[in-house]
């Protein structure tokens, strides 16, 4: 009997590291699936790229970004340095985010080994590996993946302080890491506030260490204030950005009781949209509360504060319209959330003494909470829905088939993309007509298209197509509407549709 139990424990010991390695490997594969196609830059990515191309390093350090963009100067300087060394391909532009996302998987596992048991470890690591938001922003020229990485680094540094005897060197390292984090991540200030205030209580009776911590905190505050008045304040006062995020209900109402419904909506957005979990708050909130209780039960009150204070401060600051609590901007809180949920899973499973029942309960929780995983895997490995706005295949088709005298008509959304990519496809000298945004009245497209010259080859380029109002209560795909008109009033000579019908090129001669 003893031999059988020993064999079972030995098997579990072997299976756990295999499961961990498999989750990390699969998480990297999903992130590589997003990164490797090198789809075209667009939207905010393109706007950041134009800042990198048109601004000097000094300008990037001392002036807010143009085109209504906001990104930490450390992040943009690093990317600009990579461009100077390796060129400006999509691989280079997204390299920092991709590396940060992959390294974060390793750091998340390292942190989990210090805070929870095996069930919670597997759950939290799987949630982190398969999170649709984390995968999507692993290959975007935006700082959200580095926000997550720096949050993890700060939490690991925090662990060093609460788990062992520290020296002055540890405080110097913590101060330096905090300064670096602030240069590369805006929400790092929330994480620093959480671990700083927690360590203040932790070292309350140790005056020498309290002095060193206060000195580190003063350095963080000084760094943040310098960055705020130099770069951040104009961005927090941007009417465009404030209105954009306000329309998404990203700010806590002030006073908070003015709209109590905001809080369950924001909580649902965090757990089910950003974290990518399924089920309902009725299941998730008790597991989260159980996780906090688990830390308290183990006399690890420091983790409770460090993992919740940043979220609370972010919510409070959002009430003053300084930093939204919504979507990609709170991606950095996922390590905080998953660590607590993992602890809750551990405590819940520990209530079941029967190992078979425990495994069945764990499997049931995985099924209930991880339903979005299947469509996420399908999207990144098979259907590749994220390529829907990749303009480059259509540009390549035009470049291979254009003739002297051709004209290019651009769908209104892709003007900036075309300006950026045209020289790469030898299209910069082709005459261009930029379409108008007639989404409020599709009929205006007929007037616009009728003004194009007859009897001449015209390429019509589309990507990231929206809907247009045809009549009251009825909308139609703008590309479909335009092509129907062109087929009635011209002759189609050839066309090309990229993968997933994402971008397209159509060659017409109008009558």
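Residue numbers (our numbering): 62 to 572.
Glycine included, every Cβ here is placed at the ideal spot set by N, Cα and C.
Can you have a look at residue i and say buried or exposed, based on whether 16 or more other CB atoms are within 10 angstroms of its CB?
i: residue 82; result: exposed
i: residue 529; result: buried
i: residue 364; result: buried
i: residue 476; result: exposed
i: residue 532; result: exposed
i: residue 301; result: exposed
i: residue 146; result: exposed
i: residue 182; result: buried
i: residue 298; result: exposed
i: residue 399; result: buried
i: residue 321; result: exposed
i: residue 490; result: exposed
What does the alpha-carbon distance come out to for the pair residue i and residue j?
i: residue 347; j: residue 459; result: 56 Å
i: residue 292; j: residue 387; result: 22 Å
i: residue 170; j: residue 237; result: 24 Å
i: residue 174; j: residue 102; result: 38 Å
i: residue 250; j: residue 241; result: 11 Å
i: residue 197; j: residue 266; result: 45 Å
i: residue 258; j: residue 539; result: 53 Å
i: residue 191; j: residue 158; result: 17 Å
i: residue 354; j: residue 439; result: 36 Å
i: residue 324; j: residue 337; result: 18 Å
i: residue 62; j: residue 166; result: Annotation note: pLDDT 47 at residue 62 (below 50); position unreliable, no value reported.
i: residue 537; j: residue 506; result: 12 Å
i: residue 239; j: residue 212; result: 10 Å
i: residue 564; j: residue 474; result: 12 Å
i: residue 95; j: residue 442; result: 9 Å
i: residue 357; j: residue 351; result: 10 Å
i: residue 107; j: residue 188; result: 30 Å
i: residue 492; j: residue 329; result: 49 Å
i: residue 202; j: residue 326; result: 28 Å
i: residue 276; j: residue 419; result: 47 Å
i: residue 381; j: residue 215; result: 26 Å
i: residue 137; j: residue 121; result: 7 Å
i: residue 281; j: residue 319; result: 34 Å
i: residue 445; j: residue 561; result: 8 Å
i: residue 496; j: residue 568; result: 16 Å
i: residue 140; j: residue 113; result: 8 Å
i: residue 243; j: residue 483; result: 37 Å
i: residue 78; j: residue 246; result: 32 Å
i: residue 104; j: residue 98; result: 18 Å
i: residue 228; j: residue 222; result: 9 Å
i: residue 304; j: residue 390; result: 15 Å
i: residue 84; j: residue 90; result: 10 Å
i: residue 294; j: residue 117; result: 21 Å
i: residue 149; j: residue 130; result: 19 Å
i: residue 306; j: residue 207; result: 21 Å
Among the options, which residue has its Cα nearest to the Cα of residue i?
i: residue 401; options: 149, 166 and 185; result: 185
i: residue 488; options: 473, 522, 515 and 208; result: 522
i: residue 526; options: 129, 117, 450 and 497; result: 450
i: residue 454; options: 283, 511 and 556; result: 556
i: residue 235; options: 220, 248 and 413; result: 220
i: residue 452; options: 396, 428, 524 and 278; result: 524
i: residue 269; options: 231, 163, 430 and 317; result: 231
i: residue 461; options: 193, 89, 217 and 485; result: 485
i: residue 317; options: 132, 491 and 379; result: 379
i: residue 509; options: 547, 482 and 534; result: 547
i: residue 180; options: 403, 376, 111 and 137; result: 403
i: residue 470; options: 543, 99 and 345; result: 543
i: residue 373; options: 287, 343, 255 and 109; result: 255
i: residue 204; options: 161, 223 and 272; result: 161
i: residue 551; options: 109, 519 and 288; result: 519
i: residue 217; options: 549, 306, 274 and 397; result: 397
i: residue 100; options: 148, 200 and 135; result: 200
i: residue 431; options: 343, 339, 541 and 566; result: 339
i: residue 456; options: 392, 558, 178 and 233; result: 558
i: residue 513; options: 545, 570, 279 and 343; result: 570
List the residues that DSSP assigns as beta-bridge partners of residue i.
i: residue 564; result: 524
i: residue 553; result: 569
i: residue 535; result: 532
i: residue 303; result: DSSP output for residue 303 lists no bridge partner at all.
i: residue 469; result: 493 and 520
i: residue 558; result: 565
So is the beta-carbon of residue i under 8 Å away from any non-hydrogen atom of the ligand FAD?
i: residue 551; result: Questions concerning the ligand FAD fall outside what the structure shown contains, since it holds no ligand whatsoever.
Touching by the beta-carbon criterion (3+ pairs, under 8 Å), the region 423-430 and the region 361-380: no
Touching by the beta-carbon criterion (3+ pairs, under 8 Å), the region 153-163 and the region 331-346: no
At least three beta-carbon pairs within less than 8 Å, the region 117-131 to the region 496-507: no
Any 3 or more C-beta pairs closer than 8 Å across the region 303-318 and the region 383-398: yes
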